[in-house]
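Trainee: Residue numbers (this note's numbering), protein chains in the order written: chain A, 1 to 654; chain B, 1001 to 1464. A virtual CB, placed ideally from N, CA and C, is assigned to each residue, including glycine. Got a structure for you, questions after.
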């Protein structure tokens, strides 16, 4: 069931935070190599995160939530790509000047005003994704604009920041992170909340990506760019869908979130009409029902099975088993019957909202994570069991029941989270960060942090960005991508080719060979945007060919167009040999010697090369013979000359 | 807080005069437009006096700070004024009759500190209420009393402070504390620990120095866990000596208790910077238990009477010997009136020949010269080579495996008692608490060399 909604009517608003890794040799705050990933590790560190006070003296909501989870955080280290900085055992070194240059350049491309003095801030993350407990980040540019669908898309700010760890696993009270990516410089581009339809979001992601990549100074490939999509509907609240890996995922995710918010607002109205109007009107009761389920057909509710699950799950048994007794807890929700099966995201219900909170905050992660009375599993004796449980817990027709299981302390935490989620439902839509999935659904990741989690980095001095520095970088900027787009499409190059050229750096070469090699724009675009793709796929090192050689190639073919017909061999040779002039290369493959008497050989070829199939048409037979003849002549004699000579020879024979 | 606070805290020169002209001050909530038409809204923050006088710093609503060049401001408007007062939520520290009484003496340093974002420095947060607000677990361990003795970074500790601190420890113990914790900056924690070992003798209860390598304003700080370990050691620990309690590994796992005369900060920033040198630590502590690593220690004994002896002579110094050292350096020290010199010599305790005459002269003038080794591990054994024997003949006294810093602190303390050369040297060589040990166990020197297959294997399998 995909629920359809009118985005305009529900007042859909979206904004983006586009993250793009910068192409630098070293990391942002230490001298480790950037972009060197490893699959194994040679050291591990165990840490915990405590919430701290921000500069303004308040605990941040996210921080408190994450402390509740009491996660054991393990970092996997490899000496090749991390040093003691990433482990938070050495203070930061000064901000990588090269990374700041690239960031400024990106800001200029995005039409931003460059700030005068960069202040490095700490943005708290207590999920462990950064061992310090905060990400070092600094605003570099503000107040930018991009042309978008005939209007302007505002760029609110661009910051340069260190990338975080990669998650290896998150099970119960143990989360494992790999540190190789940590510290790679990236920029975060924040757009205004000006996108009103799901497909606009995809298009805006692609636009920002194109602008960023057009300098050739950012990383490309898996994980090099990720975006957070902020979504709200009228009356709702900002929800952040975090780490969307591909622009193509965005429309379904945005749609799903819009539907979710619309449904949650309806649930709020329903709750209000039932008299749940204030946070404290939500009351729950919960009891230990471990014994009740001890011989249930639901075997995962048995202590032995749970212990086996914990031990089998590669997790450190001690983190779970030593922290308290096993418990099954039944949570009664008075007056809330029907709310668990209330629609949420497309194809999901409100119970899914509870599941996410319980999994993340209470660390209860054995599937199905929770059971509830509005969709009790089907098994022999199920009906009787749920009836008896309802009776035992005093659950009447207006009430609902949720069951959770695991370490006793965690089940208590889960009960509290269920209550808090209903408290949020009374308010409407909680500010959340949600994790995206390929099917367009999302799941709870954490409470959305507020500005309280930001405070200055006392380890790093502010850095002035002089106007001279900005102007020097501005002078070296490549052409803005939309201007280039206009120029190329004006001579008939298709958009896909143009976008490819801009994203992958081919546009620079196009302009170079046009400018210095006298190449035709359209021909150069097709050449770099389409033709050499195949060679690259076949493993020819086309990207290693020096600029000068490309220019020489195009100057040569502008005076001798025939040569270009054998471009594959020429380019392969250009890529294969080192320091060689274009003349040498042409000689090496024998294109400098133009055969003189080639026409005289044609009658014999026509005579001797018998057709494979006697019924071939003239056209087919001509193509077949062309192939044979051009093997020796390609690049030396124009194909059209050969073709007409061959036609004559064929007619003569006939 | 006084009402006379500087409204331009940290701003000077051009920035300050512009702020005056614009009628804005620190804590003004402003709306700034610059020459590019960019709008910044936020609160003007104090600025570090070390930074330039060209920018004003704004804390924006997003939480990000940004510096705006005063020449690029086209308009600035004060929307309101809101002074931000940083405060740790104070909660009354609960007291339970069954729990031990522990006094935490504050000297400053990173432990239990908060941010001062004018200077970017951390300043101590110290009342029991503040500590309880930040580390509520402490209340499960003991009844905590806190006293702020000083608020200095550890490099600013000196002889006056050592005496004051020793007396404060005595007062607290005599008043019935079951253990003392001293919050201290980590840089010179070893020095303070050593000198307290000499100044405070026969303590009936543990005296525990603790610090932190990451300030408590960071989620990954070691401060809370270090405090918990230290308070637990003071309240329940079996060892009635001056000891340093800091992280064993860099992982949040356990602390080691180091004997204060044998401990040294061995890394500028690692959490596990403190190591016992030439011996093994006393004990491993986690929130569950004490695991004694040795039985060679002074046990807790409530009937023991504490003795305090805080005299000192600070006309002492340390010479870290290097090849090519010139004799005039020694002459200058003698001329300036230094009474004691600890040499950190090479190898088994050596210095070069050209400074012999100067050394000889210094000793003849009554300067007390002792020898330690800059290798830190191992003994000064000056009888092995002729050079060492020559030095001993001149009157340079080897201190075996006493750490250079411990030797320095001890020399200052001893010279407070006597200037008689023989008595000075007798006292220096008479051990009070393991500053010289007779034996160096083979596991007292373990510096695993990374990169070796067996080390890599070990590191991979253990929390670092």
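1. Output, in chain order, the set of chain B residues within a Cβ distance shorter than 8 Å of residue 91 of chain A.
2. If you draw a straight line from the C-alpha of residue 206 of chain A to the C-alpha of residue 506 of chain A, how long is it?
3. Against chain B, does residue 475 of chain A count as a neighbour if the rule is that its beta carbon must be under 8 Å from one of theirs?
4. Excluding the 5 residues flanking residue 1137 of chain B on each side, which residues of the same chain have their C-beta closer than 6 Å to its C-beta?
5. Using a Cβ cut-off of 7 Å, which residues of the segment 111 to 127 of chain A contact any Cβ in chain B, in chain order?
6. Any residues in the segment 140 to 152 of chain A with a beta carbon nearer than 7 Å to a beta carbon of chain B? Which ones, in chain order?
7. Please compile the residues from chain B whose C-beta is within a distance smaller than 9 Å of the C-beta of residue 51 of chain A.
8. Taking Cβ positions only, does residue 173 of chain A come closer than 8 Å to chain B?
9. Is it the case that the segment 1042 to 1055 of chain B contacts the segment 437 to 446 of chain A, given that we only count it when at least three CB pairs across the two stretches are under 8 Å?
10. Does the separation of the CB atoms of residue 88 of chain A and residue 1214 of chain B fall below 8 Å?
11. For chain B, check one thing: does any of its Cβ atoms lie closer than 8 Å to the Cβ of residue 658 of chain A?
12. Measuring alpha carbon to alpha carbon, tell me which residue in B/1152, B/1190, B/1141 and B/1199 is nearest residue 1168 of chain B.
13. Quick one: measure Cβ to Cβ for residue 271 of chain A and residue 121 of chain A, integer angstroms, because I've assumed they're closer than 8 Å.
14. Pick from A/6, A/276, A/351 and A/212: whose alpha carbon is nearest that of residue 254 of chain A?
15. Which class does residue 1317 of chain B belong to by DSSP, given the choice of helix, strand or coil?
16. Could you spell out the range, first to last residue, of the alpha helix (DSSP H) harbouring residue 1393 of chain B?
17. Considering only C-alpha positions, which residue in the set A/252, A/477 and A/323 is nearest to residue 345 of chain A?
18. May I ask you to report which of helix, strand or coil DSSP gives residue 601 of chain A?
19. For chain A, find out if any of its Cβ atoms is closer than 8 Å to the Cβ of residue 1336 of chain B; answer yes or no.
20. For the segment 1430 to 1464 of chain B, enumerate the residues whose C-beta is nearer than 9 Å to any C-beta of chain A, in chain order.
21. Ends of the alpha helix (DSSP H) at residue 272 of chain A?
22. In chain A, which residues lie with their C-beta within 7 Å of the C-beta of residue 1072 of chain B?
23. Please report the straight-line C-alpha distance between residue 76 of chain A and residue 288 of chain A, rounded to a whole angstrom.
24. For residue 646 of chain A, which three-state DSSP category applies?
25. Put residue 1341 of chain B into one of helix, strand or coil per three-state DSSP.
26. Once DSSP output is grouped into helix, strand and coil, what is the label at residue 528 of chain A?
27. Can you tell me the Cα-Cα spacing of residue 55 of chain A and residue 188 of chain A, whole angstroms?
28. Counting only beta-carbon atoms, is residue 87 of chain A nearer than 8 Å to chain B?
29. Listed in chain order, which residues of the segment 1056 to 1081 of chain B have Cβ atoms closer than 7 Å to some Cβ of chain A?
30. Determine whether the Cβ of residue 1118 of chain B lies closer than 8 Å to any Cβ atom of chain A.
31. Anything in chain B within Cβ reach of residue 134 of chain A, meaning under 9 Å, just list it in chain order.
32. Output the residue ranges of the beta strand (DSSP E) runs that lie fully inside the segment 1033 to 1077 of chain B and measure 3 residues or longer, sorted by chain position.
33. Any C-beta of chain B sitting closer than 8 Å to the C-beta of residue 44 of chain A?
34. Whole angstroms is fine: what's the gap from residue 1026 of chain B's alpha carbon to residue 1007 of chain B's?
35. Take the Cβ of residue 277 of chain A as the centre, count every other Cβ of all protein chains shown within 10 Å, and call the residue buried at 16 or more, exposed below.
36. What are the boundary residues of the alpha helix (DSSP H) that includes residue 153 of chain A?
Mentor: The relevant details are as follows:
1. 1269
2. 17 Å
3. no
4. 1228
5. 113, 115, 116, 117, 119, 121, 124 and 126
6. 142 and 143
7. 1219
8. no
9. no
10. yes
11. This structure leaves residue 658 of chain A out entirely; chain A is present only between 1 and 654.
12. B/1199
13. Wrong, their Cβ atoms sit about 38 Å apart, outside the cutoff.
14. A/6
15. strand
16. 1386 to 1394
17. A/252
18. helix
19. no
20. 1450, 1451, 1456, 1459, 1460, 1461, 1462, 1463 and 1464
21. 250 to 273
22. 116
23. 38 Å
24. helix
25. strand
26. helix
27. Its pLDDT being 44, under 50, residue 55 of chain A is placed unreliably by the model, and the measurement read from it follows with that caveat. Computed Cα separation, rounded: 23 Å.
28. yes
29. 1057, 1061, 1062, 1063, 1064, 1065, 1066, 1067, 1068, 1069 and 1072
30. Residue placement at residue 1118 of chain B cannot be trusted, given a pLDDT of 40 that sits under 50; what the coordinates show is reported in the next sentence. Judged by the 8 Å Cβ criterion, residue 1118 of chain B is not in contact with chain A.
31. 1218, 1219 and 1220
32. 1039 to 1044, 1055 to 1060 and 1065 to 1069
33. yes
34. 6 Å
35. exposed
36. Where residue 153 of chain A is concerned, there is no enclosing alpha helix (DSSP H), although the beta strand (DSSP E) it sits in stretches over 151 to 162.
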